[in-house]
Amino acid sequence: MNTQDTIPMSGFAMPQSAASPLKPLGLGLLVAIAYFIGVPLLFGGNGYVLNVTTTMAVVSFISFGVWLTFAIGRINLAQAGFALIGSYVTAILVSRFGVSFWLCLPLSGLVAAIIGGLIGWPVLRLKGVYFAMITLCITEACRLTALSFPAVTRGAQGIVDLPLPGELSLFGLTLIPAFEKGARLPFFYLAGSLLMLGLWFMWLLDTSRVGAVFRSLRQNEDLAVSLGINIAKYRVVAFMVSCFYAGVGGAFFAALQQNVYPTSFQVIDSVYFMVYCFVGGLEFVIGPLVGALVMMVSFELLHELQRYQTVIFSGLMILCILLMPNGILSVLKARAARAKEASDA
Amino acid sequence: MTQVLLNALVVGTTYALIALGITIIFSIMKVVNFAHGQLYMIGGFVVYYFNVVFGLPFWFGLLMSFVIVGALGIAMELFLFRPVMLRVKREEVTMLLAMGTAVFLESLALIVFGEKQRGVPPIATGIVELFGARLPTGRVVVIVVAALLIVALMLFIGYTKTGRALRAMAQDRDATALQGVNLKWLSAMGFGLGTGLAGLAGGLLVAIFAVHTGAGTAVSIKAFLMIMIGGAGVLSGAILGGFVLGVLESVGYALLPGSMTFLIIFLIVIGFLIVRPHGIMGKPWG
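Read top to bottom, the protein sequences are chains A and B. At position 18 of the first sequence the residue is numbered 52 (my numbering), and the sequence of numbers has no breaks. At position 235 of the second sequence the residue is numbered 422 (my numbering), and the sequence of numbers has no breaks.
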């Protein structure tokens, strides 16, 4: 069905998204309208729904990074570790040095990306299972680093009582007013903006030449080398972009929760970021968003089952993989293809 | 120092059992069993229930930990991994499936077994003096049993018909099938053997350390470290990796504050993989 998996060359010639039946721009607009207008109109007064949507938006933002490393053929389980780095960078800069959150947000991404580049350069030589295992260890190493240097990170106590983001002004002009205590909408809109920016950039990347090179790394690295592609450079770039997403997302959560602990992002979070990509479908840029939406909404719906929540949730997850091993969107795509065949005939 | 090295021997032998289990599964199925630590934890609880709750001998509990966790592994292979492996476009899905199973088993264990830390009464009393270091007899028993199990396993894999078939299957599935080996039966059995070893390791170590439902992830991470050090898919590498990690850990805990030890081990392993991406014994593998 998917010829691009069997014919490596086509990855260079044809952007994968062109084959997708989901129109990217229209779809992006739909997501934006649903998020920025639909949710506040329908649930504006409902703090719980706003909280869940905010979390979902940023979690899918972080998952885009994992998706990108999937695109180069690496299973990235380090995402939670880099999100933790982002959280700590923001927490330390804001609490110790009083730096504005709006500066910390991109800075956290940058720091995570630089650390990711330094670690990624050697580690990205590993493939398959080895890469998955070493990145899992990196997540754990980040948690241990936070625990081991209490002078900087305050160890297990965590950094608490972070101030809310202040106002962002340029030449005396207020662009974003200071966040008020207890107000949920500012975070909601910030999360939505991050999500849309993240999605837009991923889409740009995926449809550009660089995106085609990334896919060629997954399909056949040796062939890519033979075409004169500096694969080491490209995969480090992909990994750094992924870490940037994690760092920015982590910084957002530090501000949202106003605290950071070494346990804020753990191995299980890395696994969930990966799950969201899978459940949505790895062939689609929007996959992580769909996956996060489906999984997080079902998790919240199971809330009433209390202590059985996680069991049933993970059971559902396994069932999802059993029934749709290639993701929800691939099922939709196959259905659309069948319908088209039927109408053609 | 002798004391530290003897401790390393205790953890090293049981770690080798864990690493062997994950290696068997990996080499025949090409699946990394992310649920290995959770199966280890269940093995510990099986022994606890048979020994403490039902009042049966420890050794019977240990046998049951192998049987029950092994059966669990066979069920996982039959009902989860096999159907998914037939249909997926990407091999990563099986890894995700193993992770989903890990979360499932852990949350199920939390409901069934509760949050409390569980241990069993000492399996042997007294202290043995070895090379000027003191070691509780219970730990000596654990070392001996684990070593015997490893030897038995190596003999089984090396010299029995089933063991040869398992090795053949790890090398070339199609050629093995052409020799008239029933691959379906064999892969279920191999999976069961691998998980059974995790259960045994958990059952053995519950005699020294207590077990709790959250122990799984840490054990899985240790198992990954071992097979990264030793080389994935190589049995001798798994044993070596188990001992290397045992030594690193024991020396680290003796010299450094708690969380530092594993941080440094992680750094060492990452550095080591730069030099030898396939572990000490591993073959180049992508």
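All residues carry an ideal CB built from backbone N, CA and C; glycine is no exception. Please read these numbers as outputs of a predicted model, since none were measured by experiment.
Since residue i is in the beta strand (DSSP E), which residue starts that stretch and which ends it?
i	result
LEU202/A	202 to 204
In this structure, does DSSP put residue i in helix, strand or coil?
i	result
LEU322/B	strand
VAL275/B	coil
ILE261/B	helix
GLU375/A	helix
GLU316/B	strand
ARG305/B	strand
ILE310/B	coil
PRO55/A	Only weak support is given to the placement of PRO55/A: the predicted model assigns it a pLDDT of 45, under 50, and the value that follows is read from those uncertain coordinates. Residue state, collapsed to three classes: coil.
VAL421/B	coil
LEU192/B	helix
ILE67/A	helix
ILE210/A	strand
VAL86/A	helix
VAL319/A	coil
VAL398/B	strand
VAL294/A	strand
PHE299/A	coil
Which residue marks the beginning of the alpha helix (DSSP H) containing residue i, and which one marks its end?
i	result
VAL219/B	Element bounds for VAL219/B: n/a, residue is neither H nor E.
PHE238/A	The question names Phe, yet the displayed sequence has Leu at residue 238/A. 219 to 241 is the extent of the alpha helix (DSSP H) around LEU238/A.
LEU111/A	Unbroken run through LEU111/A: none, as it is neither H nor E.
LYS348/B	348 to 358
MET413/B	403 to 417
ASP195/A	Taken as a continuous stretch (DSSP letters only), ASP195/A belongs to no alpha helix (DSSP H), as it is neither H nor E.
ALA375/B	370 to 392
VAL163/A	162 to 182
ILE263/A	That residue, ILE263/A, is in no alpha helix (DSSP H); it is neither H nor E in DSSP.
Could you check which residue in the options has the C-alpha nearest to that of residue i?
i	options	result
ILE474/B	LEU380/B, LEU267/B, PHE247/B, ARG274/B	Because residue 474/B is not part of the residues shown, which for chain B are 188 to 473, the question remains open.
ILE209/B	LEU442/B, ILE452/B, ALA425/B	ALA425/B
LEU356/A	HIS223/B, ALA285/B, LEU340/B, ALA203/B	ALA285/B
LEU193/B	LEU443/B, GLU436/B, GLY224/B, ILE452/B	GLU436/B
LEU387/B	GLY417/B, TYR235/B, LEU292/B	TYR235/B
LEU198/A	GLU375/A, LEU224/A, PHE183/A, THR179/A	LEU224/A
LYS303/B	VAL398/B, GLY458/B, LEU450/B	VAL398/B
GLY469/B	LEU422/B, VAL393/B, VAL434/B	LEU422/B
VAL270/A	LEU102/A, GLY262/A, VAL328/A	LEU102/A
GLU17/A	ILE457/B, ILE467/B, MET188/B	One cannot answer for residue 17/A here, as it falls past the ends of chain A, which runs 35 to 379.
SER203/A	LEU170/A, GLY154/A, SER134/A	SER134/A
GLY313/B	VAL368/B, VAL328/B, ASN238/B	VAL328/B
ARG130/A	THR187/A, GLY325/A, ALA266/A, GLY361/A	THR187/A
PHE70/A	SER227/A, THR169/A, VAL275/A, ILE109/A	SER227/A
GLY401/B	PHE253/B, GLN225/B, LYS348/B, MET282/B	GLN225/B
MET351/A	PHE286/A, ALA370/A, PHE307/A	PHE307/A
For residue i, return the contacting residues in chain B, with the cut-off set at a CB-CB distance below 7 Å.
i	result
LEU363/A	Near LEU363/A there are no residues of chain B at all, since even the closest Cβ is about 13 Å away, more than 7 Å.
ILE109/A	GLU279, MET282
ARG159/A	PRO464
Determine the chain A residues that contact residue i at a beta-carbon separation under 8 Å, and present them in chain order.
i	result
SER437/B	Within chain A, no residue comes near SER437/B; the closest Cβ sits about 18 Å away, beyond 8 Å.
GLU264/B	Within 8 Å Cβ-Cβ: nothing; GLU264/B doesn't reach chain A, min ~14 Å.
ARG305/B	By Cβ distance, chain A contributes nothing, its closest Cβ being about 19 Å from ARG305/B, past 8 Å.
ALA394/B	Near ALA394/B there are no residues of chain A at all, since even the closest Cβ is about 27 Å away, more than 8 Å.
VAL515/B	Since the first residue shown for chain B is 188 and the last is 473, residue 515/B is missing from the structure and cannot be characterised.
GLY360/B	In the sequence under discussion, the amino acid at residue 360/B is Arg, which differs from the Gly named in the question. Correct list: empty, because the minimum Cβ distance to chain A is about 18 Å.
Check the Cβ of residue i against every Cβ in chain A and list those closer than 9 Å, keeping chain order.
i	result
THR288/B	SER348, ILE352
GLU302/B	Residues of chain A passing the Cβ test: none, with the nearest at roughly 11 Å.
THR347/B	Neighbours of THR347/B on chain A: none; closest Cβ ~28 Å, over 9 Å.
Residue i touches chain B at which residues, Cβ-Cβ below 9 Å?
i	result
TYR342/A	SER294, ILE298
Can you grab the Cα-Cα spacing for the pair residue i / residue j, in whole Å?
i	j	result
ARG321/B	ALA112/A	41 Å
ALA339/B	VAL345/A	37 Å
GLY377/B	THR363/B	14 Å
GLY115/A	GLN366/B	47 Å
LEU207/B	LEU384/B	8 Å
SER242/A	GLU317/A	15 Å
TYR488/B	LEU84/A	This structure gives no information on residue 488/B, because the portion of chain B shown stretches from 188 to 473.
LEU139/A	ALA280/A	11 Å
THR288/B	PHE318/B	44 Å
ASN254/A	HIS337/A	44 Å
ALA66/A	THR89/A	16 Å
ALA373/A	MET263/B	36 Å
PHE287/A	LEU196/A	11 Å
Does the beta-carbon of residue i, which I'm using as the reference point, lie nearer than 7 Å to any heavy atom of the ligand PLP?
i	result
LEU137/A	Among the components modelled here there is no ligand, and therefore nothing to report on the ligand PLP.
In chain A, which residues lie less than 7 Å from residue i when you measure between Cβ atoms?
i	result
MET468/B	Neighbours of MET468/B on chain A: none; closest Cβ ~14 Å, over 7 Å.
ARG274/B	PRO359
Which chain B residues are close to residue i, counting only those with a beta carbon under 8 Å from its beta carbon?
i	result
GLU174/A	ILE408, PHE449, PHE453
SER182/A	PRO444, SER446, MET447, LEU450
THR297/A	None at all; the shortest Cβ gap to chain B is about 12 Å.
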